Structure formats: structure tokens, C-alpha cells
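Peer 1: Protein chains in written order, with our numbering: chain A, 1 to 338; chain B, 1001 to 1338. Next up is a structure, given as C-alpha cells.
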């Protein structure tokens, strides 16, 4: 059934909910198999971190990408689950790194079960994820996946090195977000296509789509860190600034400001970033330099490029229904508020 | 060349040094390939943690196990490197979990480069390790490996749960060390055999060998935590007690003590374990209950069982030379003092 112009959001919502429900069933069965006889605390920690209302966007991408290359069967959902495991593994480790207490309005694993449990549960999920990819997508899938995870770690290192550095460039910012988010989303899409036996052109198109929506996702994330409503996002605004991360809104403000405004921004970056007044002053300066609108424009351009990459897909109704969902998903990234 | 009775240690030393040198060369080449264009800090952290005088026992096991099943070629050393990567990944994460400042007399990665760098570098090594195993040992190798890493995490959880619990059983202790150390060493051996196209019986024998020496290794490790010379081991004694880990010497003392001695031990476990007097008192009680000697006996029994498992190998001189090295390695585990 092709999407109609009147109800794209509802089609996407329906597809997302259907896939998410199936992924959760597969995940529960997989955990039962993999954790048979395991320590009850490990099971508890994994269930706590895996079943907390996650949107399952990565598995949805794997499923849709495989589906639009002609495959949609039972093993696909186990393969797709591997991407959710990896995603959650990185969240759990990130929360240790960032000393985060809350995630999606709940205590993080690190806060609730302690740092050892968080590091170990992340390692378990990481191992299980690669295990499934290796088994289901073969050596070629594992290659794509491991290059993406290695590049994710490298992106984190590049970000660490740039903390509090007001000379960071746009190029550096995009290099970091492509490595941290884009490559992994691209691999999620490319491996879905590979699994379906797609042509090289189809795989490339879906990887490009994934790379662009991954970058857009991160740009929106960085924007929500300033503009988000804590009741929706479940976390305070201004974290990135406090941590010294020069994300796109601030970077664009730095680029467009001159004279005393630029000096004022640099002074705030170098000063005590934990003071609420510092954040409020910075926020006003970014707004004045149109940094928020310019960031939102960038996200829109990325989503447009993602959608363009899908042009190679055939006109067959069946394929176009799935392609339409991928387009809706790209659009959803712009609209999300949490 | 078969080992002679007069020079087993020197044959093993020679083989170990030759393999270690070759592994380090392969590791440097692999890092250059995998990290081309990467962040300089990631490269620095990985080099710091990988090239610090490690004994490369795991790669040596992979090489010897493959060799006694008839294969000894270039790719074997890259496969063997994967086990060193995983080993170092777990050490780096363990040091975060244990808040360790020193390892082998040097600052830990966590202490020197910070916790984010340590978690991320561990994740990179973990990913690279599985990538190599999947590529070189196929889906079957990845299965063995991932079961072992999952069980390692589970062992850590079982250990966490038993912290400070004086009712811990011998069975629980061996379950934990087999999961934490035995399974992974067994997988190192089994995958070496699999790589060489060994028979099921050969693979099973080498896995049993690995499981027993892995357990013996951990028993000796736990003994060195009490009896080691900090100048040799590079770490203080008594860490396990301070952390509330009921390892074999203490467990055997608890089992054999009765009346006031047992009460005294239990009081020390429940009390403030950071006081040096508490540790000295506990040490005396373990010695009085013969806990150290009984633990050393256990390690000897495990090593004897490991050596017995090798009996199935053919009498061919070439194979027996390698089997002799595996036997020497098992013996070395008892003799090590760091």
C-alpha cells in the first residue's frame, strides 16, 4: 500500500509500532536463549536498559532497507535487533562517560546499578551485537559494522580533543558527527541492504541515505540540547555547553559573530561554564547570531539530501511504499522534540 | 625439536619470546591499517596500553594450539593478535571498574588518559578483536568467542553479587573463575585448533586444557593478591580483601575454620576492610587455616588435569615438541610470581 499525501505520519507510526513490537518479541526470545542460566542481576540490568520505551529507529531502518531490496523474513528481525543492542551499549557507556544520572526520564544504568554493571552490560550488548551480525550478515557485514564502530570510537576521541576549543571548524564538527552517528546509521542501512542481496548501487544509495539522516539526527540532537523541552526530552538543556562541546548552533554563532560579540562568546567558553548566567548569556548570543535557525536549516538540507539518495529505487508500488516510509522517517527526524 | 628434561623453561622462554615478537609486529601493522587517519589520541592510548611489556600468553596459546593441529602460517598470528586485543580490552575496562591507578607498575589508561578514553579504547579493542575473529575464524569461531565473552561478563556479575558474602561456596568461586578466565582461555585454544582444521577430539582436548590452565591461572592470581611481592607484581597485596572478594585462600580458610576463628574471619569481612590491621589479622588467620597451601594444591591439581588432556596428541616428534611447550606453559602458571 503506497503512502498517501494525507497520512504519511500515520503510516510511519503504524510501521514503526509494528516493527518495534516485533523487535521487542525477538529481543526477549534472544535474551532468554543467550542468558539461559545467567546471573539474575545481568538479566535485570539488560532488561532495564533494553525495555524502556526506546523508539527502535535503528532496527526499523534495517528492516525498511532490507524490505525495499526485496527481503522481509524472520531472521531479518534478529539482525535488526543487533543494531538496537549496539545502540543501547553505546548509550550505557556514554552515560558512564558523561556521568549522566537520567536518560529518557529514568535513572541511567550507571546511576541505578553502578559503574561496573554499566560497563559490563555495555560490553555484553556489544559482544552480542557483533555475534548476531557476524552470524547473519557474514564477514562482509561484520566488516562494514566494525569499521563503523571503530569510527564511532574515533569520533568520540576527536570530540574529546576539541572540548572547549573555540577554534573548532564546521568541517571538524561534521567529521565528528558523521563518525559518531552517521557511519553507524549508514551501516545499519547498508547491512539491511546487504542482507537482502541488494545491488551495489542500492547498498550505496541506502548507505548515503543513512549517513545523511544520521548527521541530521545529530544536528537535531545538538539543537535540542539548547531548545528542547526537558519534559519531553527527559534531560536538562545546556549540557553540551557545560561540558565544553562546541556543537553546531554555537559554532555557527562563533563563525558569524565579530568584534565584541565573538569575544563575549569566547570568554563564556573559557570561563566557568557551570554558572546558569553563563548559559543564559550564551543562549542569547547564539539566538542573536541566528545560530539556532541556521542549524535547523542545515538539518533540513541533510534530510533533503537523504531523500534524494532514494531516487534510484524502482517505481514498483511495493517498493515505493517502503521508500515512502524511509522518506517519512527522514522527515520525522526534523520534527522530533525528544 | 622435542624438549629435553633439562631445559623445558628455556625452550618455552624461546618460543614465547619468538611468538611475542612476531605478535607485536603484526599488532603494529594491524593498528597502522585499522587506525589510518585516526585521532592521534586514540592511537596514543592504544599504543600505550598494548605495548607495555605484556607477556602475550593468549596469542602464544592460539599459536601453539593451531601448530599442534598442523597449521602455522602468517594469518595465524593476526588471529592470535585478536585474543591479545580482547585481553587488553578487558584489563582496561577492569581498571575503570576497580578504580585501579597502576598496572604492571605503570599508570593505568584510566589514571593517565581519563575514564572516557579508557572506556572507548576498550570498546575499540573489543570491536577490532571480534572483527578479526569473524574474518579469520568464521561464524563458528565467532560463536565460540562470543559465548566466552558473554560468559566472562556473567562471571563478573556473579562476582559483584557475591562481594562481602562469607557464605560464598567453592562451587560459586569456581563457577566465577571459569567464566571470568577459564572459558576465554579455552576459547583461545579451541579457536586456534578450529583455525587449523583440527578434529573435534583435538579441539575438545585443547579446550579442556585451556579451561584448566585458565582456572589455575586465576587461582594463582588470587594467591598472588595475598602472597605476591609488590616489586614483581607491580601492585599492592590485599586488594581483593579490601574489595570484599572472597577468593580461594579466604574461602578455604572459612571452610576449615570453626568456632571463634570462623567468627573472627566473618567479623573482618563485614568490618572496615580498608584498615591495614584488618588485612594483617585476616592474613594470619588464612595462614593458620592453611588456606594458602591448600589453594596452591588446587592450582597444581588443575595444571595436572590440563596436562592430562593433552594425552590424545600423536607421538610425531613435530607435534610432541609443541605439546611439550603447552605442558611447560601449564607448569609456568604455577611458577609465575607476577
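Every residue, glycine too, gets a C-beta built ideally from N, C-alpha and C. Predicted model, so just to flag it, every value in this text is computed and none were measured.
Could one say the Cβ of residue 292 of chain A lies closer than 9 Å to chain B's Cβ atoms, at least one of them?
Peer 2: Locating residue 292 of chain A in the first chain gives position 292, where the first residue counts as 1. For residue 292 of chain A, the answer is no, since every Cβ of chain B falls outside 9 Å of its Cβ.
Peer 1: Count the other C-beta atoms from every protein chain shown that fall within 10 angstroms of the C-beta of residue 275 of chain A, then say buried if there are 16 or more, exposed otherwise.
Peer 2: In the first chain, the residue the question calls residue 275 of chain A occupies position 275. It counts as exposed.
Peer 1: Taking Cβ to Cβ, would you say residue 286 of chain A is nearer than 9 Å to residue 1116 of chain B?
Peer 2: As a working note, residue 286 of chain A is residue 286 in the first chain. As a working note, residue 1116 of chain B is residue 116 in the second chain. No, Cβ-Cβ distance for residue 286 of chain A and residue 1116 of chain B is not below 9 Å.
Peer 1: Counting only C-beta atoms, is residue 197 of chain A closer than 9 Å to chain B at any point?
Peer 2: Position 197 of the first chain, counted from the first residue, corresponds to residue 197 of chain A. The beta carbon of residue 197 of chain A does not come within 9 Å of any beta carbon belonging to chain B, so the residue lies off that interface.
Peer 1: With burial defined as no fewer than 16 other Cβ atoms inside 10 Å of the residue's Cβ, what is the status of residue 208 of chain A: buried or exposed?
Peer 2: Here residue 208 of chain A refers to the residue found at position 208 of the first chain. Per the 10 Å Cβ criterion, buried.
Peer 1: Could you check if residue 240 of chain A belongs to the surroundings of the ligand ADP, using beta carbon to heavy atom distance under 8 Å?
Peer 2: The model on display carries no ligand, and the ligand ADP is accordingly not part of it.
Peer 1: Leaving aside the five residues before and after residue 289 of chain A along the sequence, list all residues of the same chain whose C-beta is less than 6 Å from its C-beta, in chain order.
Peer 2: Counting from one through the first chain, the residue named residue 289 of chain A turns up at place 289. So the qualifying residues of the chain are 253, 256 and 257.
Peer 1: Among the candidates A:99, A:335 and A:319, whose CA atom is the shortest distance from the CA of residue 228 of chain A?
Peer 2: As a position in the first chain, residue 228 of chain A is number 228, starting the count at 1. Of A:99, A:335 and A:319, the residue nearest in Cα terms is A:335.
Peer 1: Reducing DSSP to helix, strand and coil, say where residue 1178 of chain B ends up.
Peer 2: Mapped onto the second chain, residue 1178 of chain B falls at position 178. Helix.
Peer 1: Drop a sphere of 10 angstroms on the beta-carbon of residue 1006 of chain B, count the other beta-carbons inside from all chains shown, and report buried for 16 or more, exposed for fewer.
Peer 2: Taking the second chain and counting its residues from 1, one reaches residue 1006 of chain B at position 6. Its pLDDT being 46, under 50, residue 1006 of chain B is placed unreliably by the model, and the measurement read from it follows with that caveat. Looking at its Cβ environment, which holds fewer than 16 other Cβ atoms inside 10 Å, residue 1006 of chain B is exposed.
Peer 1: Rounded C-beta distance between residue 303 of chain A and residue 216 of chain A? I'm assuming under 8 Å.
Peer 2: As a first step, residue 303 of chain A is located in the first chain; it is residue number 303 there, counting from the start. As a first step, residue 216 of chain A is located in the first chain; it is residue number 216 there, counting from the start. Correct: roughly 5 Å between the Cβ atoms.
Peer 1: Measuring straight from C-alpha to C-alpha, what distance separates residue 1052 of chain B and residue 1261 of chain B?
Peer 2: Position 52 of the second chain holds residue 1052 of chain B. Position 261 of the second chain holds residue 1261 of chain B. Between residue 1052 of chain B and residue 1261 of chain B, the C-alpha separation is close to 43 Å.
Peer 1: To the nearest angstrom, how far is it from the Cα of residue 82 of chain A to the Cα of residue 62 of chain A?
Peer 2: Along the first chain, read from residue 1 onward, the residue named residue 82 of chain A stands at position 82. Along the first chain, read from residue 1 onward, the residue named residue 62 of chain A stands at position 62. Each residue's alpha carbon lies about 10 Å from the other.
Peer 1: Does residue 1142 of chain B have its Cβ less than 9 Å from a Cβ in chain A?
Peer 2: Counted from its first residue, the second chain places residue 1142 of chain B at position 142. Yes - at least one Cβ of chain A is within 9 Å of the one on residue 1142 of chain B.
Peer 1: Going residue by residue through the stretch 106-177 of chain A, where are the continuous alpha helix (DSSP H) segments of at least 4 residues, counting only ones entirely within it?
Peer 2: 109-113, 115-161 and 170-177
Peer 1: Within 10 angstroms of its Cβ, does residue 1103 of chain B collect 16 or more other Cβ (buried), or is it exposed?
Peer 2: Along the second chain, read from residue 1 onward, the residue named residue 1103 of chain B stands at position 103. When all chains shown are included, residue 1103 of chain B counts as buried.
Peer 1: Tell me whether the stretch 1313-1329 of chain B and the stretch 1055-1075 of chain B touch, counting them as touching only if at least three CB pairs, one residue from each stretch, are closer than 8 Å.
Peer 2: yes
Peer 1: Looking at C-alpha atoms only, which residue of B:1178, B:1279, B:1169 and B:1298 is the closest neighbour of residue 1251 of chain B?
Peer 2: Counting from 1 along the second chain, the entry for residue 1251 of chain B is found at position 251. Among B:1178, B:1279, B:1169 and B:1298, the Cα nearest to that of residue 1251 of chain B is on B:1169.
Peer 1: How is residue 1102 of chain B classed by DSSP in three states: helix, strand or coil?
Peer 2: In the second chain, the residue the question calls residue 1102 of chain B occupies position 102. Correct three-state label for residue 1102 of chain B: strand.
Peer 1: Cβ of residue 126 of chain A within 9 Å of Cβ of residue 100 of chain A?
Peer 2: Walking along the first chain from the start, residue 126 of chain A turns up at place 126. Walking along the first chain from the start, residue 100 of chain A turns up at place 100. Result no, Cβ atoms of residue 126 of chain A and residue 100 of chain A do not sit closer than 9 Å.
Peer 1: Using CA atoms only, rank isn't needed, just tell me which of B:1280, B:1024, B:1174 and B:1010 is closest to residue 1078 of chain B.
Peer 2: For this step, residue 1078 of chain B is matched to residue 78 along the second chain. If we check each option's Cα against that of residue 1078 of chain B, B:1024 comes out closest.
Peer 1: Quick check on residue 200 of chain A: buried or exposed, where buried means 16 or more other Cβ atoms within 10 Å of its Cβ?
Peer 2: Residue numbering aside, residue 200 of chain A sits at position 200 when the first chain is read from its first letter. Result: exposed.
Peer 1: Determine, using beta carbons only, whether residue 1154 of chain B comes closer than 9 Å to chain A.
Peer 2: Position 154 of the second chain, counted from the first residue, corresponds to residue 1154 of chain B. Yes - at least one Cβ of chain A is within 9 Å of the one on residue 1154 of chain B.
Peer 1: Look at residue 154 of chain A and residue 1038 of chain B and say whether their C-beta atoms are less than 9 Å apart.
Peer 2: As a first step, residue 154 of chain A is located in the first chain; it is residue number 154 there, counting from the start. As a first step, residue 1038 of chain B is located in the second chain; it is residue number 38 there, counting from the start. In contact: residue 154 of chain A and residue 1038 of chain B (Cβ atoms closer than 9 Å).
Peer 1: Could you tell me whether the stretch 19-33 of chain A touches the stretch 137-157 of chain A, where touching means 3 or more Cβ pairs closer than 8 Å?
Peer 2: With fewer than three CB-CB distances shorter than 8 Å, the stretch 19-33 of chain A does not count as touching the stretch 137-157 of chain A.
Peer 1: Can you find the residues in the same chain that come closer than 6 Å, C-beta to C-beta, to residue 238 of chain A, ignoring five residues on each side of it along the sequence?
Peer 2: Along the first chain, one-based indexing puts residue 238 of chain A at 238. Same-chain partners within the cutoff: 279.
Peer 1: How would you list, in chain order, the residues of chain B whose beta-carbon sits under 7 Å from the beta-carbon of residue 150 of chain A?
Peer 2: In the first chain, counting from the first residue as 1, residue 150 of chain A sits at position 150. Within chain B, the residues near residue 150 of chain A are 1034, 1124, 1127 and 1128.
Peer 1: Answer yes or no: does any C-beta atom of chain B fall closer than 9 Å to that of residue 170 of chain A?
Peer 2: Taking the first chain and counting its residues from 1, the one referred to as residue 170 of chain A is at position 170. No, residue 170 of chain A lies away from the interface with chain B (no Cβ there is under 9 Å from its Cβ).
Peer 1: Locate the alpha helix (DSSP H) running through residue 1312 of chain B, then write down its first and last residues.
Peer 2: Against the second chain, residue 1312 of chain B aligns to sequence position 312. Following the DSSP letters along the chain, one finds residue 1312 of chain B in no alpha helix (DSSP H), marked with neither H nor E.
Peer 1: Is residue 1313 of chain B near residue 1068 of chain B, with beta carbons less than 9 Å apart?
Peer 2: Taking the first residue of the second chain as 1, we reach residue 1313 of chain B at position 313. Taking the first residue of the second chain as 1, we reach residue 1068 of chain B at position 68. Yes, these two residues count as a Cβ contact at 9 Å.
Peer 1: Could you name the residues of chain A that residue 1243 of chain B contacts, counting a contact when the two beta carbons are closer than 9 Å?
Peer 2: Within the second chain, the letter at position 243 stands for residue 1243 of chain B. Within 9 Å Cβ-Cβ: nothing; residue 1243 of chain B doesn't reach chain A, min ~11 Å.
Peer 1: Exposed or buried, which one is residue 1337 of chain B when buried takes at least 16 other CB atoms within 10 Å?
Peer 2: Taking the first residue of the second chain as 1, we reach residue 1337 of chain B at position 337. The residue is exposed, with fewer than 16 neighbouring Cβ atoms inside 10 Å.
Peer 1: For the alpha helix (DSSP H) containing residue 1327 of chain B, list its first residue and its last residue.
Peer 2: As a working note, residue 1327 of chain B is residue 327 in the second chain. Per DSSP, residue 1327 of chain B belongs to the alpha helix (DSSP H) from 1317-1335.
Peer 1: For a test of the three-state rule: what should DSSP assign to residue 289 of chain A, helix, strand or coil?
Peer 2: Residue mapping note: residue 289 of chain A aligns to position 289 of the first chain, counting from 1. Coil.
Peer 1: Helix, strand or coil for residue 1277 of chain B, going by three-state DSSP, please let me know.
Peer 2: As a first step, residue 1277 of chain B is located in the second chain; it is residue number 277 there, counting from the start. Correct three-state label for residue 1277 of chain B: helix.
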